[in-house]
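**Student:**
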Amino acid sequence: MAYSRHPRKPVAPKAPPSPFVEVTILFRDTLQKPIEGLSVLVKAGKGAPQAPEWKLGQDSADPPAANPASAPDGASAPAPDASAPLVDNRTEVVTDASGYAVTIQNAARNQPVDIGVKNRRGKYAWKATVTPKKDVSAFTIVSPEYHLEATTKLTPKDELEQDLDLPVVREGEIMTIERLVHDFGPFIGWSQKVTEQGQVKKDFPTKKKEVTEDQKTHNKTTQITIEHHYKVVDTGKPRTIVLNVLGSRLNFPNPALFSEDQYKSMATQLDVEVAAIKAIVMQECSGIPFEENGLPKIRYERHLFYRALKLRYEAQEAGADKAAHKKGVKRKGTPFANPYPQYPELCFPEGGGYGSDGLHQYEKLTRAAALDFDLAIQACSWGGFQILASAYASCGCATSFEFANKFMSGSEEQAQIFVLFMRNVKPDATVALRTHDWDGVASGYNGAYWQDTNPDYAKNLGLFYEKFK
Numbered sequence: 001m002a003y004s005r006h007p008r009k010p011v012a013p014k015a016p017p018s019p020f021v022e023v024t025i026l027f028r029d030t031l032q033k034p035i036e037g038l039s040v041l042v043k044a045g046k047g048a049p050q051a052p053e054w055k056l057g058q059d060s061a062d063p064p065a066a067n068p069a070s071a072p073d074g075a076s077a078p079a080p081d082a083s084a085p086l087v088d089n090r091t092e093v094v095t096d097a098s099g100y101a102v103t104i105q106n107a108a109r110n111q112p113v114d115i116g117v118k119n120r121r122g123k124y125a126w127k128a129t130v131t132p133k134k135d136v137s138a139f140t141i142v143s144p145e146y147h148l149e150a151t152t153k154l155t156p157k158d159e160l161e162q163d164l165d166l167p168v169v170r171e172g173e174i175m176t177i178e179r180l181v182h183d184f185g186p187f188i189g190w191s192q193k194v195t196e197q198g199q200v201k202k203d204f205p206t207k208k209k210e211v212t213e214d215q216k217t218h219n220k221t222t223q224i225t226i227e228h229h230y231k232v233v234d235t236g237k238p239r240t241i242v243l244n245v246l247g248s249r250l251n252f253p254n255p256a257l258f259s260e261d262q263y264k265s266m267a268t269q270l271d272v273e274v275a276a277i278k279a280i281v282m283q284e285c286s287g288i289p290f291e292e293n294g295l296p297k298i299r300y301e302r303h304l305f306y307r308a309l310k311l312r313y314e315a316q317e318a319g320a321d322k323a324a325h326k327k328g329v330k331r332k333g334t335p336f337a338n339p340y341p342q343y344p345e346l347c348f349p350e351g352g353g354y355g356s357d358g359l360h361q362y363e364k365l366t367r368a369a370a371l372d373f374d375l376a377i378q379a380c381s382w383g384g385f386q387i388l389a390s391a392y393a394s395c396g397c398a399t400s401f402e403f404a405n406k407f408m409s410g411s412e413e414q415a416q417i418f419v420l421f422m423r424n425v426k427p428d429a430t431v432a433l434r435t436h437d438w439d440g441v442a443s444g445y446n447g448a449y450w451q452d453t454n455p456d457y458a459k460n461l462g463l464f465y466e467k468f469k
């Protein structure tokens, strides 16, 4: 038996979200206590188009609805005047005793907002960029824990007011290892925390009974009415974003990827297949020789820094013994001892402790460079082929600095160094690569103990080769 279907009632189209949102900026220390007296600049972020002039100030008595359709009785909440003249929004404020800076009632949704704090020289230093997406959001800027120039413990206010004269990388600039460490080194690892607490306007309806009595029949009638009570509530747990000061571009390598022509050139010079070289690149750097910030991928190895220091010390001791012997003087040497035991993450006889990839590796390199710049570079493997800089002389470079700068410049220099490296340092690996002996490649290229450190190395090479051949 067929059943008749009731026609569905037409559903009103969902109202689009308002292009404007409410944003509140707060400042707290690491214990979540308010920071008072900060001079703060809030302005439209880089890339944000001009927008109607901001309407500033708290309006807790009547917070904006989460969506125009959710206003009481279905009425649309009044939106800010989008036809107002467009300006580059900015405002300067001072945080109060509660750490409150400002509330923007009509910030543009999904558009960045930059936040700066006036430093001791009277200039605004960038601290964070927030992008409001929710209808009502509160962004809390947390005082950093990293002290750039502190000789004594700074207060949270002092930390945010430090002079952060960040160096600038020009569009298209090729970074050098010297400039990276000297100019940018103090800021590598410096981070800022921003906590976003999203809020929405939620309806808490209450039922109200109204009883009326007919005067003639004395019959009582009960009528139920619903009262709407809207409150701003948190959407859930806060979301904390850690922003690194050097998260933007630090280098513009040219080119930044290996081209097919480069692969063919390397393969021809080494008499191997293109697919075999691609397999090494995939194994060593996942096919991408540079980080998103433009710096070549590196890996700092603390045991190599230790080993290089030891070899240099032993060479100096041998030279001193030889000189003493010529003079007929008996000399008593001393065994090598770790000169930096207070930095086990930088100088240690055993490997490991690598930490996360990316800028963290450059943070280690920068800190080690303060101990010995030359050997810190040599303790890193570089670029698309992860070649140790200690082989710089065999790769046609006069110094480790020249080696690092070639890796900074682009994939073409990296390709040239790889060919020299395979010819002069890894001839056995080259032969194994030619004959598809992946165990031989792993042993010749990655070291005799490759199975201890990376047991899947040879298998992965074979899989990558099959993929690209």
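Numbering (the UniProt record's numbering), first residue to last: 1 to 469. Glycine included, every Cβ here is placed at the ideal spot set by N, Cα and C. Only a predicted model underlies this, so the values are computations on that prediction, with no experimental measurement involved.
(1) Would DSSP call Arg-28 helix, strand or coil?
(2) Output yes or no for whether 8 Å exceeds the beta carbon distance between Lys-310 and Thr-240.
(3) CB Ile-174 to CB Met-422, shorter than 8 Å?
(4) Write down the C-beta distance between Ser-394 and Leu-420 rounded to the nearest angstrom, noting that I regard them as a contact closer than 8 Å.
(5) Expressed to the nearest angstrom, what Euclidean distance is found between the alpha-carbon atoms of Thr-103 and Leu-250?
(6) From Ala-398 to Asn-405, what does the alpha carbon distance come to, in whole angstroms?
(7) So what's Asp-114 in DSSP terms, helix, strand or just coil?
(8) Report the option in Asp-261, Thr-217 and Glu-363 whose CA atom is closest to the CA atom of Leu-180.
(9) Please work out which residues of its chain come closer than 6 Å, Cβ to Cβ, to Phe-336, disregarding the five sequence neighbours upstream and downstream, and give them in chain order.
(10) Excluding the five sequence neighbours on either side, which residues of its own chain have a C-beta within less than 6 Å of the C-beta of Arg-90, listed in chain order?
(11) Could you tell me the alpha carbon to alpha carbon distance between Asn-110 and Phe-20, rounded to whole angstroms?
(12) Please look up how many angstroms separate the CB atoms of Gln-378 and Ala-389, rounded, as I've assumed it's under 8 Å.
(13) If I measure Cβ to Cβ from Tyr-306 and keep anything under 7 Å in the same chain, skipping five residues before and after, which residues do I get?
(14) Does the Cβ-Cβ distance between Pro-296 and Phe-258 come in under 8 Å?
(15) Determine the direct distance from the alpha carbon of Gly-45 to that of Gly-351, and round the result to whole angstroms.
(16) Does Asp-135 come out as helix, strand or coil in the three-state DSSP assignment?
(17) Cutting at 7 Å between CB atoms, please list the residues of its own chain near residue 481, excluding the five before and the five after it.
(18) So the candidates are Tyr-100, Asp-135, Glu-22 and Phe-187; which of them puts its Cα closest to the Cα of Leu-359?
(19) For my contact list, Val-281 and Gly-384 are in at a C-beta cut-off of 8 Å; report their separation, rounded to the angstrom.
(20) For Lys-209 and Thr-225, what's the separation of their Cα atoms in angstroms?
(21) Given 7 Å as the limit, tell me if Thr-453 has its C-beta closer than that to any heavy atom belonging to the ligand FAD.
(22) Considering only the alpha carbon of each residue, which of Arg-170, Pro-52, Phe-27 and His-182 lies closest to Ile-115?
(23) Can you have a look at Tyr-445 and say buried or exposed, based on whether 16 or more other CB atoms are within 10 angstroms of its CB?
(24) CB Glu-161 to CB Ser-143, shorter than 8 Å?
(25) Applying the 10 Å Cβ sphere with the 16-neighbour rule, what's the burial state of Asn-106?
(26) Bridge partners for Ser-381 per DSSP, in chain order?
(27) Would you kindly report the start and end of the unbroken beta strand (DSSP E) that includes Lys-406?
(28) Cα separation between Val-117 and Leu-86?
(29) Strictly by DSSP, which residues pair up with Asp-158?
(30) Note down the Cα distance separating Lys-322 from His-436, rounded to an integer number of angstroms.
(31) For a test of the three-state rule: what should DSSP assign to Thr-212, helix, strand or coil?
(32) Only counting the same chain, and skipping five residues up and downstream in sequence, which positions put a Cβ closer than 6 Å to that of Gly-333?
(33) List the endpoints of the continuous alpha helix (DSSP H) containing Thr-453.
(34) Straight-line CA distance for Ala-442 to Ser-18?
(35) Give the DSSP-derived three-state secondary structure of Val-84 in the structure shown.
**Tutor:** Per the coordinate set shown:
(1) strand
(2) no
(3) no
(4) 7 Å
(5) 33 Å
(6) 12 Å
(7) strand
(8) Glu-363
(9) Lys-310 and Tyr-313
(10) Lys-43
(11) 9 Å
(12) 5 Å
(13) Asn-338, Cys-347, Phe-348 and Pro-349
(14) No, Cβ-Cβ distance for Pro-296 and Phe-258 is not below 8 Å.
(15) 43 Å
(16) coil
(17) The structure shown has nothing for residue 481, since the chain only spans 1 to 469.
(18) When only C-alpha atoms are compared, the closest one is Phe-187.
(19) 5 Å
(20) 6 Å
(21) With respect to the ligand FAD, the structure shown offers nothing to examine, as it has no ligands at all.
(22) Of the candidates Arg-170, Pro-52, Phe-27 and His-182, the one whose C-alpha sits nearest the C-alpha of Ile-115 is Phe-27.
(23) Classification of Tyr-445: buried, given that the 10 Å Cβ count is 16 or more.
(24) no
(25) buried
(26) Arg-299 and Leu-388
(27) Run containing Lys-406: none in the beta strand (DSSP E); it sits in the alpha helix (DSSP H), 400-409.
(28) 25 Å
(29) Answer is none; Asp-158 lacks a bridge partner.
(30) 48 Å
(31) strand
(32) Cβ within range, chain order: Glu-317.
(33) 450-453
(34) 58 Å
(35) Val is not the amino acid found at residue 84; the sequence shown has Ala there. In the structure shown, the three-state DSSP call for Ala-84 is coil.
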